[in-house]
Amino acid sequence: MAETKPVLMQGNEACAEGAISAGVRFYAGYPITPSTEVAELMAAKLPELGGVFIQMEDEIASMAAVIGASIGGMRTLTASSGPGFSLKQENIGYAIMAEIPCVIVNVQRMGPSTGVPTAPAQGDVMQTRWGTHGDHPIIVFSPASVYETFYLTIAAVNLSQKLRQPVIMLLDEVIGHMREKVLIPEAGKLLVEKSSDNVPADWKPYDEKGLTPLVPFGFGHYYHVTGLFHDQYGFPTGDPPQVERALDRIHGKLEKYRDEIVLTNYIGHKEPRVVIIAYGCTVRSARAVVKKAYWQNRLPVGLLSLQTLWPFPDKEVAAIAKQADVIIVPEMNMGQIVGEVERYACGNAEIVPLNRYDGEMISPDQISELLGRWL
Amino acid sequence: MSNRQEVLLTGAGGQGLILASIILAEAAVNDNKNVVQTQSYGPEARGGASMAGVIIDVDTIEYPKVTKPSVLLCMNQASFNKYIPKVEESCIIIVDSTFVSGSYREDYKITALPITQAAREQLGREVVANMLALGAINAATGLVDREIFRESIFKLAPKGSGELNQQAFDLGYRLFNEGMGQNLGISSQTPQ
């Protein structure tokens, strides 16, 4: 880890390494395929670093333990897959409401229910957005390589701390389990943001004026933590103006930092006729197609890959829809992000879903074949 | 042939194929190549079908799954029956004749070597059959520099078993070269 030298690393390992690099020292979880390697590596490494690894009795308790450790001032991580991620939802909502930072990893497998444990899928996209109830904000990252997993996990920890907001790392089985060559930067070269250095004298846990750092319990400030709507000191309230302000507050911080949160990447033709919008492992197939179609054959094709799924990259999609005639949205589900793409394309481009849900990756050939209809 | 080399290791769970694929991938990284390793297996730790893929390229690797294997290893009959119809004639195929019986199709380049049997009889440990298979594959393809490969095996093998695993790797080389010399187990249309 110390030197910048190419290493062979697995996606799940990169997630754990990224978390550790970003200062995560507490992990609570319940192992589940295909996320188990995250827990394995945290179990092996955290004790040496003075951190804590706890295998809890289930996923509900894991999420609760993570929230508790976060209020205590630690940077925290938990990892699971669909069935366990479902169990975490109630407490994720609590963390959002109480503004407690934490990073939740969901390495997607084929669902619903216990599904096919070892098969890849991208069926939890909407669950990451609306899995917990109420009108809540959420940040979701979806890496397309082992390296992206590493640095997006670091970004997830940083943003989570800065905004006091749970962040979800949405991997899929392919990215979680594949190993590839990566160059990992030295520990000192990473941007790891410190959170609560500057605490104002009149600190309030949920200040109406805006974002305040989290002061851990037992560090000289009294406050109350609840899942109920609360005033700026954390005490429950049902007063309509305060309720509305509180909801605006938790949404407002994501809007304010939108450009730091929403990450996308475009490759391909400057004036594309057909654009592929993809995320997670599907980006890999799409990139193979664009490489051939654009870099080799100079066809008017492009790829917009989404590292951030939520908040949805609305501006980016709207802009690309104005340029392209056709947008292809390959997903390993029955169509989830495609609805959002349609929403922000505003009828400016024809939206074509490409769905696969048999537990296999979408292949470059499948995308090429579809692409061929317009070229 | 493009630079992209796709290696498919197939057999039963418990034969060490996923570990073999990780070691091959690690060796390729140490040899300064781009690598992606993937795997597919059932929920069981032993038995069941196991498959691991390693893609080695000088270029960046986008699609991570093996589609056109340039090398196929079959460590049991079930995997042999399953994967042979899926590969092209140019694919280098190595089968463990301990578990896979002929007759082999003559339009393919099939090298049958008693991999597990040799590990058991000559090294006293069946469990190193996977490293023996890697030796045979590398002898057939020269995918990775041999010395770098040996060092990678030593580094990744469980403590105290580095040398045994290297011996198995070397035995794989020998088996392949002897097989080529005596035309042992090689289907008749394989170019000499």
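As you go down the protein sequences, you meet chains A and B in turn.
Sequential numbering from 208 applies to the first sequence in my numbering.
Sequential numbering from 34 applies to the second sequence in my numbering.
Note that the Cβ used here is the ideal one computed from N, Cα and C, for glycine as well.
With 16 or more neighbouring CB atoms inside 10 Å of its own CB, residue 540(A) falls in the buried class. Taken residue by residue, none of the region 506-517 of chain A has a beta-carbon sitting less than 8 Å from a beta-carbon on chain B. In the three-state scheme derived from DSSP, where H, G and I count as helix and E and B as strand, residue 555(A) is classed as coil. In the DSSP assignment, residue 386(A) falls within the unbroken beta strand (DSSP E) covering 386-390. The beta carbon of residue 582(A) sits closer than 8 Å to those of 480, 481, 500, 506, 507 and 508, all from its chain and outside the five residues before and after it, given in chain order. In the same chain as residue 151(B), and ignoring 5 residues on each side of it, the C-beta atoms closer than 7 Å to its own belong to 165, 204 and 208, in chain order.
The criterion of a C-beta distance shorter than 8 Å is satisfied by residue 88(B) and residue 37(B). For chain B, the residues of the region 365-388 of chain A that bring a beta carbon within less than 7 Å of one of its beta carbons are 381, 384, 385, 386, 387 and 388, in chain order. Excluding residues up to 5 positions away in sequence, 346, 366, 461, 515 and 518 lie with their Cβ nearer than 7 Å to the Cβ of residue 468(A) in the same chain. Beta-bridge partners assigned by DSSP to residue 85(B): 42(B) and 72(B). The beta carbon of residue 59(B) sits closer than 8 Å to some beta carbon of chain A. Taking the CA atoms as reference points, residue 172(B) sits about 49 Å from residue 265(A).
For residue 131(B), not one C-beta of chain A is nearer than 8 Å to its own C-beta. Taking a beta-carbon distance threshold of 8 Å, residue 545(A) does not count as an interface residue toward chain B.
If you draw a 10 Å sphere on the C-beta of residue 429(A), you find fewer than 16 other C-beta atoms in it, and that means exposed. Contact annotation: residue 57(B) and residue 189(B) have beta-carbon atoms that are not nearer than 8 Å. Along the region 297-326 of chain A, the positions whose C-beta sits under 8 Å from a C-beta of chain B are 324 and 325, read in chain order. Taking 8 Å as the CB threshold, residue 494(A) lines the interface with chain B.
Under the criterion of beta carbons closer than 8 Å, residue 377(A) and residue 352(A) do not qualify as touching, at roughly 14 Å.
Within chain A, the residues whose beta carbon sits less than 8 Å from that of residue 70(B) are 215, 385, 386 and 387, listed in sequence order. Between residue 36(B) and chain A, the shortest Cβ-Cβ separation is not below 8 Å. Restricted to the region 481-542 of chain A, the beta strand (DSSP E) segments that are unbroken, complete and at least 3 residues in length are 481-485, 508-513, 515-517 and 533-538, listed in chain order. Separation of residue 502(A) and residue 109(B) (C-alpha to C-alpha, rounded to the nearest whole angstrom) is 41 Å.
According to DSSP, residue 437(A) shares a beta bridge with 443(A).
About 6 Å separates the Cβ atoms of residue 387(A) and residue 68(B), confirming a contact at the 8 Å cut-off.
Between residue 131(B) and residue 161(B), the alpha-carbon positions lie close to 14 Å from each other. For the region 563-579 of chain A, the beta-carbon criterion of a distance under 9 Å to any beta-carbon of chain B is satisfied by 567, 568, 570, 571 and 572. Annotation: residue 126(B) to residue 196(B) spans about 27 Å, alpha carbon to alpha carbon. Below the 9 Å Cβ cutoff, chain A contributes 570, 571 and 572 as neighbours of residue 100(B), in chain order. Closer than 8 Å to the CB of residue 97(B) there is at least one CB belonging to chain A. Neighbourhood of residue 67(B) in chain A, by CB distance below 7 Å: 388, in chain order. Nearest C-alpha to residue 139(B) among 96(B), 42(B), 186(B) and 121(B): 121(B). Beta bridge pairing from DSSP links residue 265(A) with no other residue. For the options 490(A), 459(A) and 465(A), the alpha carbon positioned closest to that of residue 474(A) is the one of 490(A). In this structure, DSSP gives residue 307(A) a state outside helix and strand, which the three-state scheme calls coil. Here the alpha carbons of residue 61(B) and residue 576(A) stand approximately 33 Å from one another.
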